[in-house]
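*Asks:* Going letter by letter, the sequence shown gives residues -20 to -1, 1 to 587 in mature numbering (1 follows the signal peptide of the UniProt record, and there is no 0).
Ideal Cβ positions, reconstructed from N, Cα and C, are used throughout, including at glycine.
Predicted model, so just to flag it, every value in this text is computed and none were measured.
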Amino acid sequence: MKRLAPLWALALLAPTLALASTAPAPATAAELRQSLATLLETHHLPGASYAVFNREGTVLSGAIGLADSGTQAPVTPETLFRLGSITKTVTAIAIMQLVDEGRFDLQTPVSRLLPDAPIQNPFNDTEPVRVIHLLTHTAGFDDTHAKAFFSPVERRGRHLESSLQHPESLKVRWRPGQYESYSNPGYWLLGAILEAHYRQPWDEVVSTRVLGPLGITRFASLASQAARGDHAVGHRGPAMERTPVFFEQTQADGALWSSAEDLAKLGRFLLTDGASAPGVLKPESVRAMKETGATLGARAGLVYGSKLGLHHRIVAGMGWQGHTGGLLGGRSSMHFGDAQGWGYVLLLNSEDELRKLEVPLATFIARQAQWQPPTPTLSPIEGDVEGWYRVVDSRISLMELPSFLLDAAQARVSGDTLTLQPFLPGFGYQATLKHQGRGQLADVDYGDVVNGVLVRDASGAVVGIESGGDFLERTSMVKAVFPLVSVLVSLVLLVSAPFGRRKVLRNRWVRRLPTLALLTLVLATVCSMNLELTLLAHKNWQTVGLWLASVVFPLLGLAGVALSVRTWKEEPAAVARWRCLLGSGAVVCLSGWLATFGLFAFALWRW
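1. Would you mind sorting Asp105 into buried or exposed? The rule is 16 or more other CB atoms within 10 Å of its CB.
2. From Asp253, Val424, Ala438, Pro193, pick the residue whose C-alpha is nearest to that of Asp271; which is it?
3. If I'm right that Gly408 touches Ala389 with Cβ under 8 Å, what's the distance once you round it to whole angstroms?
4. State the start and end residues of the unbroken alpha helix (DSSP H) segment that holds Leu501.
5. Let me confirm a value: Asp373 is counted as buried when at least 16 other C-beta atoms fall within 10 Å, else exposed. Which label applies?
6. Measure the C-alpha to C-alpha separation of Tyr426 and Tyr30 and round it to an integer number of angstroms.
7. Assuming Trp587 and Ala126 are in contact, meaning their beta carbons sit under 8 Å apart, how far apart are those beta carbons, in whole angstroms?
8. Mind checking which residues open and close the beta strand (DSSP E) that includes Ala391?
9. When you compare only the Cα positions, how much space is there between Leu515 and Leu308?
10. In terms of residues, what are the limits of the alpha helix (DSSP H) holding Trp182?
11. Per DSSP, His315 forms a beta bridge with which residues?
12. Going by C-alpha distance, which of Gln401, Ala7, Ala28 is nearest His211?
13. Would you report the Cα separation of Lys287 and Leu543, rounded to the nearest angstrom?
14. Is Leu(-17) helix, strand or coil when you go by DSSP?
15. State the start and end residues of the unbroken alpha helix (DSSP H) segment that holds Arg279.
16. Please list, in chain order, all residues of the same chain as Trp182 whose beta carbon is under 7 Å from its beta carbon, the five residues on each side excluded.
17. Closest to Phe384 by CA distance: which of Leu12, Tyr369, Gly363 is it?
18. Rounded to whole angstroms, what's the CA-CA distance from Trp322 to Leu282? Just pull it up for me.
19. Please classify Met314 as buried or exposed, where buried requires at least 16 other C-beta atoms within 10 Å of its C-beta.
20. Taking Cβ to Cβ, would you say Ser131 is nearer than 8 Å to Gln229?
21. Could you name each continuous beta strand (DSSP E) segment of 3 residues or more that falls completely within the region 103 to 180, going from the start of the chain to the end?
22. If I follow the unbroken alpha helix (DSSP H) through residue 589, where does it start and stop?
23. Output the boundary residues of the beta strand (DSSP E) element that contains residue 589.
24. So is Leu493 buried or exposed if we call it buried at 16+ other beta carbons inside 10 Å?
25. What's the call for His146, buried or exposed, on a 16-neighbour Cβ count within 10 Å?
26. Using 10 angstroms around the beta-carbon of Phe582, count the other beta-carbons present and answer buried if the total reaches 16, otherwise exposed.
27. As a quick exercise: from Trp573, Ser265, Asp96, Gly305, pick the residue whose alpha carbon is nearest that of Leu328.
28. If I measure Cβ to Cβ from Gly120 and keep anything under 6 Å in the same chain, skipping five residues before and after, which residues do I get?
29. Measure the CB-CB distance between His303 and Ile361 and report whether it falls below 8 Å.
30. Among all the DSSP beta bridges, which residues are the ones paired with His24?
31. What's the gap between the Cα of Tyr162 and the Cα of Val109?
32. Can you grab the Cα-Cα spacing for the pair Tyr167 / Pro354, in whole Å?
33. Count Cβ pairs between the region 84 to 102 and the region 178 to 193 that sit closer than 8 Å; are there 3 or more?
34. What did DSSP end up calling Gln205 once you bin it into helix, strand or coil?
35. With DSSP run on the structure shown, which of helix, strand or coil describes Asp48?
36. In the DSSP assignment, what residue or residues form a beta bridge with Leu308?
This is the structure:
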């Protein structure tokens, strides 16, 4: 599966797939270390810490490279790395402890536990947001909005307060439980549930009830705590530019720091269904964390997807469970395979190339466990599947317009193969899926691991396809193609408007207005191309430029159309007047799409 992604949105990493590799599998601990060291050097990465574990314990661990390229401090086994979203797994375990105790269950409405939670749910009367929806990213929430990313000071606890201050992300966009859409704010509410129940800050709850009982002793929940000891400094790019630690407004979704050896204890706990740390959770609760899904695809029999604080992942053609973490200056991965009986931890103090370094760990485990993937049984795809589909579970509402335009694809069936191709080849959603029976689909880019399913209604008609966490809803060809065609035609008409002989028009503003609109669009493009995650919530030339463009652009279009119509009979040059009218009309069309998706007078510092 391939999709277009906004550059700055890549900083909001959710768990992703990793491609298979043909590189030889490391056979020994020394070969594994050498493989990782070579990749660090090849890709100009400062340092890494890793561990491999099985059901009996940690098999090996290692530290490579530099914790800080500035001071040249090396990575040691005790070095703390920021874990990012692996923190969510710890939060989920603490929530499941309350489920074990009977305080509530997975179907309990969140409003019953947090009456003041600022959830905006138009479906609340019949389908409230429940605990399971927060754990599985299926509440329909948006992901973190710009002004809720960072805090000027380091904060501790106060998750409900953060949600009340920034409720914009907590608007339910579709019926809870329909689709998976990764949402950090859902875990703000889980942190608030823990704090409301225990009347303690989140970090005290998880340190005493989860991390301590798991035997995890080297950890920090605040950046200031980590900075006082052996810790990894973040880096980005081939020049290994050091990145500062930006304080975040919440902790339950991504604040923890730990070492690879200690994090392996968390992975082993999950791999053994809790047997490695008896009493932390009931075995059936750990199994539920790995098995319970809450999407239309899950109800159609798909195992792959978001679970209770866990995600599936494909590395080197093998299926794993666990979590990744992505943040400014670092990446992390903690995954295990029930089929293999092994797992791995990989921590990097760089934003780059996590996937490539996971491959030798995965292939080393497969070799040590003598694990062979099952041979898939392919079967023809039956029923009326061909047609047009569109992705409807956009993670970030800010990117819904480009997703709406580009993430539509035509499905074609040939025997056991389903191909999805966008209207513009190479732009948008495309995938080749193999049918393994009962509607189960495997993306050929990632091997034979099932990560998709055909979703049918009560009559058996296919209404959608869930694949790799994306839900593609069936639509008509007109609805799939017309929006993109209208935008492309409008852009062509707008670009052509400024051309022509200078003096052919009596009123030169007929041409100047669409020309100015085109220059405004160029301004907006320049501003957006220079945006960084840390700039989004502030007034600066980029965000002010975008706001100004979003206001001026439609006004120029309306003025251009009005002037063209008013002076139509006065202008003798038919080609020029038509070109200018259509150019201004194109601006109005484009502005209509922007307004439909909330991008008129759009101020990022208020979003």
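*Replies:* Quick look at the numbers:
1. Classification for Asp105: exposed.
2. Residue 271 is actually Glu in this sequence, not Asp. Measuring C-alpha to C-alpha distances from Glu271 to each of Asp253, Val424, Ala438, Pro193 identifies Asp253 as the nearest.
3. The beta-carbon separation of Gly408 and Ala389, rounded to 7 Å, stays under the 8 Å limit for a contact.
4. Going by DSSP, Leu501 is part of the alpha helix (DSSP H) stretching over 489 to 509.
5. Burial call: buried.
6. Our two residues, Tyr426 and Tyr30, have alpha carbons roughly 24 Å apart in a direct line.
7. 5 Å between Cβ atoms; contact.
8. That run of the beta strand (DSSP E) goes 388 to 394.
9. So the two alpha carbons sit approximately 13 Å from each other.
10. It spans 182 to 186 - the alpha helix (DSSP H) in which Trp182 sits, taken as one unbroken run.
11. According to DSSP, which records beta bridges pairwise, His315 is partnered with Gly302, Tyr324.
12. If we check each option's Cα against that of His211, Ala28 comes out closest.
13. Approximately 57 Å, taken between the alpha carbons.
14. Confidence is the limiting factor: at Leu(-17) the pLDDT is only 40, short of 50, which leaves the residue's position unreliable and the question unanswerable from this model.
15. According to the DSSP assignment, Arg279 belongs to the alpha helix (DSSP H) that extends over 276 to 279.
16. Excluding positions up to five away in sequence, the list reads Gly137, His139, Gly171, Leu174, Glu175, Gln231, Ala232.
17. Nearest of Leu12, Tyr369, Gly363 to Phe384, Cα basis: Tyr369.
18. When rounded, the distance between both Cα atoms is 23 Å.
19. Met314 is buried by the Cβ-count criterion.
20. The beta carbons of Ser131 and Gln229 sit closer together than 8 Å.
21. The qualifying runs do not exist here; there are none.
22. Outside the displayed span of the chain (-20 to 587) sits residue 589, for which this structure offers no information.
23. With the chain running from -20 to 587 in the structure shown, residue 589 is simply not present.
24. So Leu493 ends up on the buried side.
25. In this structure His146 is buried. Its beta-carbon is surrounded by 16 or more other beta-carbon atoms within 10 angstroms.
26. With 16 or more other Cβ atoms inside 10 Å of its own Cβ, Phe582 counts as buried.
27. It is Gly305 whose Cα lies nearest to the Cα of Leu328.
28. Non-local beta-carbon contacts of Gly120 in its own chain, meaning distances under 6 Å to residues more than five positions away in sequence, involve Val152, Arg153, Trp154, Pro156 in chain order.
29. Inclusion of His303 and Ile361 in the CB contact set at 8 Å is not warranted, their separation being larger than that value.
30. In the DSSP output, where bridge partners are listed per residue, His24 has none listed.
31. For Tyr162 and Val109, the distance between alpha carbons rounds to 15 Å.
32. Whole-angstrom Cα-Cα distance: 36 Å.
33. Taking 8 Å as the limit for Cβ pairs, the verdict is that the region 178 to 193 does not touch the region 84 to 102.
34. Gln205 falls in the helix class under three-state DSSP.
35. DSSP places Asp48 in the strand class (E or B) of the three-state scheme.
36. Looking at the DSSP output, Leu308 bridges to nothing.
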